[in-house]
Ligand SMILES: *Cc1c(COP(=O)(O)O)cnc(C)c1O
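Numbering (full-length UniProt numbering), first residue to last: 1 to 379.
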């Protein structure tokens with residue numbers, strides 16, 4: 001059955017048509033053309049202190065970032081366990097070993113205390129981790145101050161997987177700009193999209209230049225094809241950049257709308273027993289890419305699974321939270337530090353429809369289904 005209320009849809013009410021037509025008219029839809037540069041300039045301007053390279057996915061941006069960090073076979077890289085597999089897969093591409101760390105209960109992101117324990121434990125075992133991959137899950141900023149203090153104390157660089165968090169802020173600064181390298185995704189289901197795409201950002205011009213070079217097969221500036229390094233075919237194409245630029249122009253509007261959707265859910269479910277939300281600290285502002293709830297079955301009388309089914313029966317799409325990577329078959333026998341926080345979140349959580357153009361009517365219907373489930377339980 002086609003879902004009447006999808007989880008998350010892009011909204012195209014800006015210059016998407018105009019720019020793609022211009023890109024096609026220019027005859028350049030591949031990896032050269034003016035929209036790639038315009039996209040990068042627009043993104044860099046927004047970030048003020050940082051420059052950006054437009055790439056063909058968030059995953060390739062993460063991979064390049066790890067190449068730039070010099071991750072090599074046998075190295076260890078710390079990674080938040082509660083995330084999408086793309087945060088950790090590039091560690092494996094490079095022959096290195098992920099070391100997974102559990103989340104804390106407020107933001108659901110990597111727990112700073114466990115992070116420090118992990119670093120100390122790995123050093124004691126004879127290997128200092130080469131990098132820390134942290135994620136701002138569903139757009140919610142991680143505890144950056146605490147994490148950056150640890151990164152500085154042990155001199156381990158941070159790779160900020162801000163794939164879900166473009167437009168989120170921490171201490172009034174854009175998420176993605178705190179680590180040595182930050183990464184965004186412009187995949188189709190993210191808060192803004194380029195069809196498919198990603199970006200690597202840094203405030204170090206030499207890192208950006210190197211990333212750009214590696215993303216185009218590391219081709220030297222010579223009249224013939226000459227290569228001094230192994231490169232990648234990771235650059236964004238001009239057609240995607242045309243869509244991406246138009247979407248970037250709408251980013252603030254999208255964040256505003258998604259935050260409004262989130263606020264309405266909170267208000268509507270305020271007095272509902274056993275439904276809880278991810279929480280912002282006073283220093284953070286989430287883009288609320290997806291509104292996520294925890295269903296406490298002891299209080300609601302129904303589980304996240306039952307609620308998912310009830311919503312689905314009414315044509316409403318919802319989705320479980322990310323299944324922690326330390327519980328994934330592909331990461332069997334991978335070191336893990338923590339308790340069962342992320343597993344508990346996964347067991348209780350549900351992502352609710354969060355499109356920027358979700359109507360009030362649709363949202364009321366979603367809340368109504370939740371109320372119906374409750375009344376069924378206590379009938
Ligand atoms: C979407 C996502 C990615 C990967 O981005 P793609 O553009 O799909 O390759 C990486 N990390 C997280 C946390 C994501 O949500």
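All C-beta atoms, glycine included, are put in the ideal place defined by N, C-alpha and C.
Could you tell me if the beta carbon of residue 190 falls within a distance shorter than 7 angstroms of some heavy atom in ligand 1?
In this structure, residue 190 has its CB closer than 7 angstroms to one or more heavy atoms of ligand 1.
Quick check: residue 140 and residue 109, are their CB atoms within less than 8 angstroms of each other?
Yes, the pair counts as a contact, with Cβ atoms nearer than the cut-off.
Can you name, in chain order, every residue of its own chain whose Cβ lies under 7 angstroms from the Cβ of residue 369, other than the five neighbours on each side?
Contacts found: 310, 311, 314 and 316.
Using three-state DSSP, classify residue 85 as helix, strand or coil.
Assigned with DSSP and collapsed to three states, residue 85 falls in helix.
Rounded to the nearest angstrom, what separates residue 336 and residue 106 at their Cα positions?
Rounded to the nearest angstrom, the two C-alpha atoms are 20 angstroms apart.
Apply the 10 Å Cβ neighbour rule to residue 33 and answer buried if 16 or more other Cβ atoms are within range, or exposed otherwise.
It is buried - the Cβ of residue 33 has at least 16 other Cβ atoms within 10 Å.
CA nearest to the CA of residue 80, picked from 113, 246 and 254
The shortest Cα separation from residue 80 among 113, 246 and 254 belongs to 113.
Could you tell me the alpha carbon to alpha carbon distance between residue 331 and residue 95, rounded to whole angstroms?
Distance from the CA of residue 331 to the CA of residue 95, rounded to the nearest whole angstrom, comes to 13 angstroms.
Integer Cβ distance of residue 183 from residue 160, believed to fall under 8 angstroms:
With 8 angstroms as the limit, residue 183 and residue 160 qualify as a contact, their Cβ atoms being about 7 angstroms apart.
Opening and closing residue of the alpha helix (DSSP H) in which residue 286 lies
DSSP places residue 286 outside any alpha helix (DSSP H), giving it a letter other than H or E.
Residue 25 burial status per 10 Å Cβ neighbour count (16 or more: buried)
With fewer than 16 other Cβ atoms within 10 Å, it is exposed.
List, from N- to C-terminal side, the alpha helix (DSSP H) runs of 4 residues or more that fit wholly inside the region 152-216.
Complete alpha helix (DSSP H) runs here, min 4: 205-215.
DSSP has residue 295 in a bridge; who is on the other side?
Answer is 275, bridged to residue 295.
Work out the CA separation of residue 128 and residue 250 for me, nearest whole Å.
If I take the Cα positions, the gap works out to 42 angstroms.
Beta-carbon gap between residue 320 and residue 274 smaller than 8 angstroms:
It is not a contact, given that the beta carbons lie outside the stated cut-off.
Mapping the DSSP letters down to three states, classify residue 111 as helix, strand or coil.
DSSP places residue 111 outside both helix and strand once states are collapsed to three, so it counts as coil.
Cβ separation of residue 388 and residue 15, assumed to be a contact under 8 angstroms, to the nearest whole Å:
This structure does not reach residue 388, given that the chain is present from 1 up to 379, and the question cannot be answered.
Within 10 Å of its beta-carbon, does residue 267 have 16 or more other beta-carbons around it, so buried, or fewer, so exposed?
Taking all protein chains shown into account, residue 267 has fewer than 16 neighbouring C-beta atoms within 10 Å of its C-beta and is therefore exposed.
Please confirm whether any heavy atom of ligand 1 lies closer than 7 angstroms to the CB of residue 241.
No, the Cβ of residue 241 stays beyond 7 angstroms of every heavy atom of ligand 1.
Let me know the alpha helix (DSSP H) ranges lying completely inside the region 11-77, each 4 residues or longer, listed in chain order.
As far as the region 11-77 is concerned, its whole alpha helix (DSSP H) runs of at least 4 residues are 16-25, 34-47 and 58-68.
How do the region 170-186 and the region 219-231 stand: do at least 3 beta-carbon pairs fall below 8 angstroms, yes or no?
Cβ pair count under 8 angstroms is below three, so no.
Taking the alpha-carbon of residue 119 as reference, which of 344, 374 and 338 has the nearest alpha-carbon?
Checking every option, the nearest Cα to that of residue 119 belongs to 338.
Evaluate residue 60 with the Cβ neighbour count: other Cβ atoms within 10 Å of its Cβ, from every protein chain shown; 16 or more gives buried, anything less gives exposed.
Buried is the call here.
Identity of the residues DSSP links to residue 132 by a beta bridge
When beta bridges are read from the DSSP output, residue 132 appears opposite 78 and 158.
Return the residue from the list 46, 12 and 8 that minimises the CA-CA distance to residue 203.
Closest option to residue 203, judged by alpha-carbon separation, among 46, 12 and 8: 46.
Does the beta-carbon distance from residue 82 to residue 345 come in below 8 angstroms?
Yes; because the gap between Cβ atoms is below 8 angstroms, this pair is in contact.
Quick one, which of 373, 333 and 284 has its alpha-carbon nearest residue 385's?
Because the chain in this structure spans residues 1 to 379, residue 385 falls outside the shown range and cannot be described.
Along the alpha helix (DSSP H) that carries residue 346, what are the first and last residues, could you check?
Here the alpha helix (DSSP H) through residue 346 covers 341-348.
Please report the residue range of the alpha helix (DSSP H) in which residue 308 lies.
Unbroken alpha helix (DSSP H) run through residue 308: 304-313.
Please report the distance separating the alpha-carbon of residue 347 from that of residue 18.
Each residue's Cα considered, the two are about 44 angstroms apart.
Look up residue 103 in the DSSP assignment and say whether it is helix, strand or coil.
In this structure, residue 103 counts as strand in the three-state DSSP scheme.
Secondary structure of residue 366, DSSP reduced to three states:
Correct three-state label for residue 366: helix.
Boundaries (first-last residue) of the alpha helix (DSSP H) holding residue 252:
Start and end: 251-268.
With DSSP run on the structure shown, which of helix, strand or coil describes residue 226?
Three-state DSSP puts residue 226 in coil, outside helix and strand.
Tell me whether residue 90 sits in a helix, a strand or coil according to DSSP, three-state version.
In the three-state reduction of the DSSP assignment, residue 90 falls in the helix class.
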